[in-house]
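Visitor:
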């Protein structure tokens, strides 16, 4: 008996396609899958990849009879997609979205919610710098966190079922408040992305000589910052705008810390420079101790034993 | 016939040990190697690793009869090491250092230079986040750039010989002015390190709840920024201080760009957010096209073909 009989994926990008592949490859998650995307060519590509069982022509037809509807659209499209989907969903079904900002999305969806549908946002903290249905793969969620932020109207058994769904896809789940979710993501994800985009932007604005040099000598540290700078611009514009307060607050802390280190350099204050670097190393060391860094897929060359 | 008959390495950290291992493993670089370090325990460890042929007790004895003396000390110790070494070097020998800042080191060494010794700084742009003699490995320089910035008193045949030395170690070499070197390193290396230290510092200062979250959810982007934050604090303090002007100037550009993106977020200026992200993606794309990113040793998971 699968966790859901029929599941509906709205939006077939990296995340939607990875969920569909997960359902295909791991037994017991869903008996039937339907998928829809606002872009007809994305549907064509998903069909060619064999991602879902059915590709109904519109949202209304797609969500009909689904036990669970997963909105995998960019953050700015989630509320509108929910508005169209909700009236056609069957009583007792679950609505979820994988958006990476929570408070603003929950507020935007609130007016359309129905008593008989549990709305349970769940954000899988997984991704690559690639997008589109071709980028999806079943292992994307394995050992990654999925942050579940149920709204007060969601029924407990429905929450438990969605948790089982994400665990079956390989994710570790954690429940939290929407506000906590947004502040955590600001530091672990939004700020690094904002900085990565900016440092690449700074390099791009330099004279031709130095831009060429950046390309030649990127391995010296710059390259580490560029992977996530390849991410989808529209997705990130939406994340930045929909989570403005948390990101601007976290950015202000970062800017203060940059300014403090810059001042220490300007003033030749050796002790304060060392302090700042040592504080930074603590987190790094904890990550290594936790086994989060030194990812075996990303080894740093070391001498042979 | 080796490039140098006798080579002397002063400072047996990651770089010094990697040069020594390179000499051991690749024929024709140097017939004899001697190594010295100011820290007796480092010498003991180097000896246990079998890195060099001889470990004389002081700098004077180490540099005697050497055809090439390579100072691999932290930037702040290079000039002092050169001051002690130069009077004991044999006429016609080459003095080089691997320091990662150039203009300030060249200025500091200038008073001690001798007419009959070519001083040719050469900065291998290679490193890992590990330090000490155990961290060294012969392949460290393979396919990495070594930026050679000869001073005007260096003799052309000596420059050519040092270039052959670095190429024999596997490096690609490029000649440039010291000032150009420092500005290039500011953007490709110093700024990314400064930012990496700072973002880790910002995270470290957060409340316990959020610090724990950073450790749990680091894979969402934060982790990419932490590898280089593990680097040696003293080394980086020296680099920041000895190359103050270039780093502060580059940092100011970066800070302006961060502020511009923050303002666009604050003002809901969608077009300017997208612009900034797209500009950043251009450099990333060029890196991928150049084959510099998507390093085969650091694959991002992609769906099976």
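Protein chains in written order, with full-length UniProt numbering: chain A, 1 to 305; chain B, 1 to 305.
Even glycine gets a Cβ: it sits at the ideal position worked out from N, Cα and C.
(1) Using the Cβ count rule (16 or more neighbours within 10 Å means buried), how would you classify residue 100 of chain B?
(2) Which residue's Cα is closest to the Cα of residue 249 of chain A: A/190, A/78 and A/212?
(3) Consult DSSP for residue 47 of chain B and reduce its assignment to one of helix, strand or coil.
(4) Name, in chain order, the residues that DSSP records as bridge partners for residue 172 of chain A.
(5) Grouping DSSP H, G and I as helix and E and B as strand, with all else coil, what is residue 124 of chain A?
(6) Does residue 209 of chain A pass the burial test, meaning 16 or more other C-beta atoms within 10 Å, or should it be called exposed?
(7) Under a Cβ-count criterion, where at least 16 other Cβ atoms within 10 Å of its own Cβ denotes burial, should residue 50 of chain B be classed as buried or exposed?
(8) Which residue's Cα is closest to the Cα of residue 232 of chain A: B/257, B/280 and B/130?
(9) Residues of the region 265-285 of chain A in Cβ contact with chain B at a cutoff of 7 Å, in chain order, please.
(10) Since residue 162 of chain A and residue 85 of chain A are thought to touch, with beta carbons under 8 Å apart, how far apart are those beta carbons, to the nearest angstrom?
(11) Is it true that the CB of residue 56 of chain B sits closer than 8 Å to the CB of residue 96 of chain B?
(12) How would you list, in chain order, the residues of chain A whose beta-carbon sits under 7 Å from the beta-carbon of residue 290 of chain B?
(13) Using 8 Å as the threshold, is the C-beta distance between residue 30 of chain B and residue 2 of chain B below it?
(14) Within 8 Å (strictly less), CB to CB, does residue 103 of chain A reach chain B?
(15) Between which residues of its own chain and residue 160 of chain B is the CB-CB distance below 7 Å, once the five residues before and five after are set aside?
(16) By a C-beta neighbour count over all protein chains shown, 10 Å radius and 16 as the cutoff for buried, is residue 158 of chain A buried or exposed?
(17) When DSSP labels each residue in this structure, what does residue 285 of chain B get in the three-state scheme?
(18) If I follow the unbroken beta strand (DSSP E) through residue 68 of chain A, where does it start and stop?
(19) Taking residue 97 of chain A as part of the alpha helix (DSSP H), name the residues at either end of that continuous run.
(20) Check distances from the C-beta atoms of the region 149-167 of chain A to those of chain B and list, in chain order, the residues that come in under 8 Å.
(21) State yes or no: is the beta carbon of residue 220 of chain A nearer than 8 Å to at least one beta carbon in chain B?
(22) Just to confirm my understanding: we take residue 239 of chain B, look at its own chain, exclude 5 residues before and 5 after, and list those with CB closer than 7 Å. What are they?
(23) In its own chain, which residues sit with a C-beta less than 8 Å from the C-beta of residue 105 of chain B, not counting the 5 before and 5 after it?
(24) Locate the beta strand (DSSP E) running through residue 7 of chain B, then write down its first and last residues.
(25) Hey, would you say the C-beta of residue 234 of chain A is under 7 Å away from at least one heavy atom of the ligand SAH?
(26) Quick check: residue 35 of chain B and residue 46 of chain B, are their CB atoms within less than 8 Å of each other?
(27) Go through its chain and collect everything with a Cβ distance to residue 202 of chain B's Cβ below 7 Å, but skip five positions before and after it.
(28) On the DSSP letters alone, give me the boundaries of the alpha helix (DSSP H) that residue 214 of chain A sits inside.
(29) In terms of residue numbering, what span does the beta strand (DSSP E) encompassing residue 234 of chain A cover?
(30) Quick one, are the C-beta atoms of residue 246 of chain A and residue 186 of chain A less than 8 Å apart?
(31) Can you name, in chain order, every residue of its own chain whose Cβ lies under 8 Å from the Cβ of residue 174 of chain B, other than the five neighbours on each side?
(32) Give the residues of chain B in contact with residue 206 of chain A, contact being defined as C-beta atoms less than 7 Å apart.
(33) Can you list, in chain order, the residues of its chain with a C-beta nearer than 7 Å to that of residue 137 of chain A? Leave out the 5 residues immediately preceding and following it.
(34) For residue 200 of chain B, return the contacting residues in chain A, with the cut-off set at a CB-CB distance below 8 Å.
(35) Under three-state DSSP, which class holds residue 119 of chain A?
(36) Which of the residues in the region 242-266 of chain B, read from start to end, lie with their CB under 7 Å from any CB of chain A?
Guide: A quick look at the data gives this:
(1) Per the 10 Å Cβ criterion, buried.
(2) When only C-alpha atoms are compared, the closest one is A/190.
(3) Helix, per DSSP.
(4) Residue 172 of chain A pairs with A/145.
(5) Strand at residue 124 of chain A.
(6) Taking all protein chains in view, the Cβ of residue 209 of chain A is surrounded by fewer than 16 other Cβ atoms within 10 Å, so the residue is classified as exposed.
(7) A residue is called buried once 16 or more other Cβ atoms fall within 10 Å of its Cβ, and residue 50 of chain B, having fewer, is exposed.
(8) Of B/257, B/280 and B/130, the residue nearest in Cα terms is B/280.
(9) Correct list: 265, 266, 268, 270, 273, 274, 276, 277, 278, 279, 280, 281, 282, 283 and 284.
(10) Not quite, the Cβ-Cβ distance comes to about 16 Å (not below 8 Å), so this is no contact.
(11) In this structure, residue 56 of chain B does not lie closer than 8 Å to residue 96 of chain B by Cβ.
(12) Going along chain A in sequence order, the residues near residue 290 of chain B (Cβ under 7 Å) are 215.
(13) Yes, the pair counts as a contact, with Cβ atoms nearer than the cut-off.
(14) Not closer than 8 Å to any Cβ of chain B, the Cβ of residue 103 of chain A fails to qualify, so no.
(15) None.
(16) Buried is the call here.
(17) Helix, per DSSP.
(18) DSSP places residue 68 of chain A in the uninterrupted beta strand (DSSP E) bounded by 68-71.
(19) No alpha helix (DSSP H) holds residue 97 of chain A; the beta strand (DSSP E) holding it covers 94-97.
(20) For the region 149-167 of chain A, the set of residues with a beta-carbon nearer than 8 Å to any beta-carbon of chain B is empty.
(21) Output row for residue 220 of chain A: interface = yes.
(22) Closer than 7 Å at the Cβ level, and outside the excluded window around residue 239 of chain B, lie 75, 100, 101 and 190.
(23) Counting only Cβ-Cβ distances below 8 Å, and skipping sequence neighbours, we find 75, 78, 79, 97, 99, 121 and 242.
(24) Annotation for residue 7 of chain B: the continuous beta strand (DSSP E) segment containing it runs 4-10.
(25) As presented, the structure is devoid of all ligands, the ligand SAH included, so that no description of it is given.
(26) Yes, they are a contact pair.
(27) Here the set comprises nothing.
(28) Residue 214 of chain A: member of the alpha helix (DSSP H) spanning 208-217, first to last residue.
(29) Following the DSSP letters along the chain, one finds residue 234 of chain A in no beta strand (DSSP E) but inside the alpha helix (DSSP H) bounded by residues 233-242.
(30) With contacts defined by Cβ atoms closer than 8 Å, residue 246 of chain A and residue 186 of chain A form a contacting pair.
(31) Taking residue 174 of chain B as the centre and dropping the five residues before and after it, the same chain places the C-beta of 145, 146, 147 and 148 closer than 8 Å to its C-beta, in chain order.
(32) Taking a Cβ-Cβ threshold of 7 Å, the residues of chain B close to residue 206 of chain A are 187, in chain order.
(33) Result list for residue 137 of chain A: 18 and 21, in chain order.
(34) Simply 279, 280, 281, 282, 283 and 284.
(35) Three-state result, residue 119 of chain A: strand.
(36) Listed by position along the chain: 244, 247, 248, 251, 253, 254, 255, 257, 258, 261, 262, 265 and 266.
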